[in-house]
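Numbering (UniProt numbering), first residue to last: 1 to 249. Every residue, glycine too, gets a C-beta built ideally from N, C-alpha and C. Inspection log for the structure reproduced underneath, given as C-alpha cells.
In C-alpha cells form, the structure reads like this:
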C-alpha cells in the first residue's frame, strides 16, 4: 500500500516554496502539488466516508497538525504571488482545508489573515529580498545587471502582495502606526537612496515599484525611523566600505 506523505513531508515541501525563487520556486510548487496529490489519493482511499474531518464530524490529530499549517494558505499565496492550493489543483485537499478553516477550533485560534500575511512577507523579505542585495555589491557588468533584475523582481512580488492585502491600511502595515514589518523592513530599506548612490543603481522608484516606493518614503518620514537613520553621506561611505570588504573576502 502506498504510504501517504506525513505532515512533516507536506510542511517541508511547502517551506521549499518560500526558500526558492524563479525557476526553482516553480519546481518547488510542482513538487508540493505532487506531494498533496499523493496525500489526496490516500485520503480518498482510506477515509471515503469520514469527511469533512479525519474522525468524521470531529477533528483528529492529522486535522489539527496539518490544518494548523494549511489553513493559512490564502495569506501564503498572497505573499508569494502564486496559487499553491485551489479547487482545480487539489480539489479534495482544498475542500478539506476549507472545512477545517470553518471549524471553531481553527477559526478561533488561527491568527488573523493580515497577521499571517505579515509573517509570510517577513520570511520572504528575509530569505529572498535581502540576499539579493549582496550580489549587486560584489558583482560587475552582466552579473551585476542580472543581480539588479533579480532584486527588482523580488520587490515586485512583495509589492503585489502588499496591493492585495493592505487595501486601505496605508501608509503602514497597521494603518496610521508602525507595525512589525514596517520596523524590520524599514530599518534595511529606508537607506535605499544611499545604496543607489554607492553602487550607481536604481532599484526603488516611483516608476519601477510605486506602491513599495510610496511605503518606504512614508517610513522614512516617520519619527522612529527618521530620528534613528544615520546621515546620508555616512551611509554611502559605509556601504562602499562594506562592498570592498565583501569583495576582499
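Residues near residue i in its chain [Cβ-Cβ closer than 8 angstroms; skip 5 each side]
i, result
"residue 33", "84, 89, 90"
"residue 27", "20"
"residue 45", "none"
"residue 80", "17, 18, 25, 120, 124, 157, 161"
"residue 2", "Because residue 2 sits at a pLDDT of 46, beneath the cut-off of 50, its placement in the model cannot be relied upon, and the point is left open."
"residue 132", "147, 150, 151, 154"
"residue 212", "155, 158, 159, 162, 204"
"residue 143", "135"
"residue 243", "137, 138, 198, 199"
"residue 245", "none"
Contacts around residue i, its chain only, beta-carbon distance under 7 angstroms, and the 5 residues preceding and following it disregarded
i, result
"residue 106", "67, 71, 100"
"residue 141", "none"
"residue 260", "No answer is possible for residue 260: it lies beyond the span of the chain, which begins at 1 and ends at 249."
"residue 103", "59"
"residue 220", "190, 226"
"residue 82", "29"
"residue 184", "122"
"residue 181", "118, 121, 122, 173"
Spatial neighbours of residue i in its chain, beta-carbon cut-off 6 angstroms, leaving aside the 5 residues before and after
i, result
"residue 191", "235"
"residue 189", "216"
"residue 98", "none"
"residue 113", "75"
"residue 206", "213"
"residue 31", "13"
Helix, strand or coil at residue i according to DSSP, with G and I counted as helix
i, result
"residue 89", "coil"
"residue 203", "coil"
"residue 95", "helix"
"residue 77", "helix"
"residue 210", "helix"
"residue 159", "helix"
"residue 149", "helix"
"residue 20", "coil"
"residue 231", "coil"
"residue 192", "helix"
"residue 15", "helix"
"residue 241", "helix"
"residue 26", "helix"
"residue 69", "helix"
At a cut of 8 angstroms, does the region 146–162 reach the region 86–106 through at least three beta carbon pairs?
At 8 angstroms Cβ cutoff, the stretches do not touch.
Any contact between the region 128–136 and the region 225–238? By contact I mean 3 or more CB pairs, one from each, below 8 angstroms.
These segments do not touch.
Looking at C-beta atoms only, is the number of pairs between the region 193–203 and the region 157–165 that lie closer than 8 angstroms three or more?
Cβ pair count under 8 angstroms is below three, so no.
My parser needs the alpha helix (DSSP H) runs of 4 or more residues fully inside the region 100–145; what are they?
Entirely contained in the region 100–145, the alpha helix (DSSP H) runs reaching 4 residues are, in chain order, 104–109, 113–124, 133–138.
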